[in-house]
Amino acid sequence: MADEVKLYAVGGSPFVFRVELALNLKGINYKIVEEDLKNKSSDLLNYNPVRKEVPVLVHNGNPISESLVIVEYIDDVWKGFPILPQDPYEKSVVRFWAKFIESTCIPAIFKVFGSNGAEQVIAEACEQLQIIEDELRVKGKKFFGGDNINLIDIAASFIAYWLGMLEEGTEIKFVTKDKFPKITEWADNFIKVEVVKKLLPPRIIPPKAQLLAVFKQRFGNS
């Protein structure tokens with residue numbers, strides 16, 4: 002009997018994208034269940050009662066939530082393209098960097114837009130991004146995973162694509178090629194990967210006022 006795989010999702014989400022990318026790297030057939038976050042389905046609330054958010058992967062009736070947790074689950078369950086290394090130490094290093102990007106870098110970037118580009122907040126975000134820049138320079142590879150993308154690249158996909166749209170839409174530009182040449186090079190390589198190109202949403206730039214309102218509501222002036 003074939004696996005039943007459903008992904009509860011909304012279009013354009015960088016977090017849903019992570020899961021779709023992992024599924025496609027593994028060649029897994031899945032069904033997208035589109036959610037309206039203003040009117041969430043009973044299934045979504047049942048499958049993710051704590052967060053009540055997408056993405057949620059339902060595999061043979063079992064729900065898994067949180068995008069990076071789902072990506073690791075996919076790598077554990079299905080063979081094929083390796084998203085994490087097999088060596089326990091190397092795996093722990095990959096998990097560390099993915100966690101750093103998820104819990105430190107991306108929130109620091111969000112706060113830039115929530116503060117309407119406050120100088121100190123930009124400086125703090127750049128400090129975190131410099132750590133990633135230095136790691137890419139030390140690795141000297143095309144991707145965080147070497148010649149192929151891995152969990153770190155998937156975690157950082159927001160930086161590769163969505164960040165540029167936010168910068169353009171808000172007119173707050175702080176990740177430049179001069180300042181972060183390795184991040185820029187990595188992002189260019191990442192979005193050129195065929196499976197990535199296939200899954201990326203259209204480049205739609207919402208009005209500046211709309212974008213800033215969203216971030217101010219979430220982060221205030223912090």
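Quick note: the sequence shown uses the numbering used here, first residue 2, plus one each step. Glycine is no exception: its CB is placed at the ideal position from the N, C-alpha and C atoms.
Practice prompt. Round the Cβ separation of residue 170 and residue 192 to the nearest angstrom and send it over; I've been treating them as touching at under 8 Å.
Written response: Counting from 1 along the sequence shown, the entry for residue 170 is found at position 169. Counting from 1 along the sequence shown, the entry for residue 192 is found at position 191. Taking the Cβ atoms as the reference, residue 170 lies roughly 18 Å from residue 192, outside the contact range of under 8 Å.
Fill in: the segment 67 to 82 contacting the segment 104 to 119, beta-carbon criterion three pairs below 8 Å
At 8 Å Cβ cutoff, the stretches do not touch.
Worksheet item: Which first and last residues belong to the alpha helix (DSSP H) in which residue 110 is found?
Response: Taking the first residue of the sequence shown as position 1, residue 110 is located at position 109. Residue 110: member of the alpha helix (DSSP H) spanning 107 to 115, first to last residue.
Worksheet entry | Pairwise C-alpha distance: residue 5 and residue 223 | Working through the sequence shown from its first residue, we reach residue 223 at position 222. Working through the sequence shown from its first residue, we reach residue 5 at position 4. Reliability of the predicted coordinates at residue 223 is poor, the pLDDT of 36 falling under 50, and no value is obtained from them.
Practice prompt. Could you check if residue 56 is buried or exposed, using at least 16 other CB atoms within 10 Å of its CB as the buried criterion?
Written response: In the sequence shown, counting from the first residue as 1, residue 56 sits at position 55. So residue 56 counts as buried.
Fill in: Coarse secondary structure for residue 130, derived from DSSP in three states
For the purposes of this step, residue 130 is taken as residue 129 along the sequence shown, with counting starting at 1. The three-state secondary structure of residue 130, taken from DSSP, is helix.
Item to complete: Using the Cα positions of residue 134 and residue 161, report the straight-line distance between them to the nearest angstrom.
Response: Here residue 134 corresponds to residue number 133 of the sequence shown, with the count starting at 1. Here residue 161 corresponds to residue number 160 of the sequence shown, with the count starting at 1. Distance between the alpha carbons of residue 134 and residue 161 is about 13 Å.
Worksheet item: Using the rule of at least 16 other Cβ atoms within 10 Å of the residue's Cβ for burial, across every protein chain shown, is residue 132 buried or exposed?
Response: Translated into positions along the sequence shown, residue 132 becomes position 131. Counting other Cβ atoms within 10 Å of its Cβ, residue 132 stays below 16 and is therefore classed as exposed.
Practice prompt. Answer yes or no: do residue 114 and residue 173 have a C-beta to C-beta separation smaller than 9 Å?
Written response: Translated into positions along the sequence shown, residue 114 becomes position 113. Translated into positions along the sequence shown, residue 173 becomes position 172. Cβ distance < 9 Å, so residue 114 and residue 173 count as in contact.
Worksheet item: Under the DSSP definition of a beta bridge, which residues are partnered with residue 147?
Response: Position 146 of the sequence shown, counting from 1, holds the residue named residue 147. For residue 147, the beta-bridge partners assigned by DSSP are 144.
Worksheet item: Comparing alpha-carbon positions, which option in 72, 168, 36 and 159 lies nearest residue 118?
Response: On the sequence shown, position 117 is the one that residue 118 refers to. From the listed residues 72, 168, 36 and 159, the smallest Cα separation to residue 118 is found for 168.
Worksheet item: Where does residue 90 land, buried or exposed, given buried means 16+ other C-beta within 10 angstroms?
Response: Taking the sequence shown and counting its residues from 1, the one referred to as residue 90 is at position 89. Residue burial annotation: residue 90 is exposed, with fewer than 16 other C-beta atoms found within 10 angstroms of its C-beta.
Worksheet entry | Integer Cβ distance of residue 153 from residue 99, believed to fall under 8 Å | For the purposes of this step, residue 153 is taken as residue 152 along the sequence shown, with counting starting at 1. For the purposes of this step, residue 99 is taken as residue 98 along the sequence shown, with counting starting at 1. Contact between residue 153 and residue 99 holds, with the beta-carbon distance rounding to 5 Å and staying under 8 Å.
Worksheet item: From residue 28 to residue 72, what distance separates their C-alpha atoms?
Response: The residue given as residue 28 occupies position 27 in the sequence shown. The residue given as residue 72 occupies position 71 in the sequence shown. Taking the straight line joining both Cα atoms gives about 13 Å.
Worksheet entry | residue 40, buried or exposed, once every other Cβ within 10 Å from all chains shown has been counted against 16 | Here residue 40 refers to the residue found at position 39 when the sequence shown is read from its first residue. Counting of Cβ neighbours within 10 angstroms places residue 40 among the exposed residues, the total staying below 16.
Worksheet item: Rounded to the nearest angstrom, how far is the Cβ of residue 22 from that of residue 200, given a contact under 8 Å?
Response: Taking the first residue of the sequence shown as 1, we reach residue 22 at position 21. Taking the first residue of the sequence shown as 1, we reach residue 200 at position 199. About 6 Å separates the CB atoms of residue 22 and residue 200; that is less than 8 Å, so the two are in contact.
Worksheet item: Alpha carbon to alpha carbon, what distance is there between residue 8 and residue 187?
Response: Position 186 of the sequence shown, counted from the first residue, corresponds to residue 187. Position 7 of the sequence shown, counted from the first residue, corresponds to residue 8. Looking at the two C-alpha atoms, the distance is approximately 28 Å.
Worksheet item: For residue 138, does the count of other Cβ atoms within 10 angstroms reach 16, so buried, or fall short, so exposed?
Response: For the purposes of this step, residue 138 is taken as the residue at position 137 of the sequence shown. Classification for residue 138: exposed.
Worksheet item: Residues bridged to residue 64 by DSSP?
Response: Residue numbering aside, residue 64 sits at position 63 when the sequence shown is read from its first letter. BP columns for residue 64 point to 59.
Discussion item. Quick check on the burial criterion: 16 or more other C-beta atoms within 10 angstroms. Buried or exposed for residue 12?
Written reply: Stepping through the sequence shown from its first residue, residue 12 is reached at position 11. Exposed.
Fill in: residue 1 versus residue 142 - alpha carbon distance
Outside the shown range of the chain (2 to 223) lies residue 1, about which nothing can therefore be said.
Discussion item. Using only the alpha-carbon positions, how far apart do residue 159 and residue 92 sit?
Written reply: Translated into positions along the sequence shown, residue 159 becomes position 158. Translated into positions along the sequence shown, residue 92 becomes position 91. Answer to the nearest angstrom: the Cα atoms are 22 Å apart.
Item to complete: Kindly indicate which three-state DSSP category residue 184 falls into: helix, strand or coil?
Response: If you number the sequence shown from 1, residue 184 lands on position 183. Note: residue 184 maps to helix in three-state DSSP.
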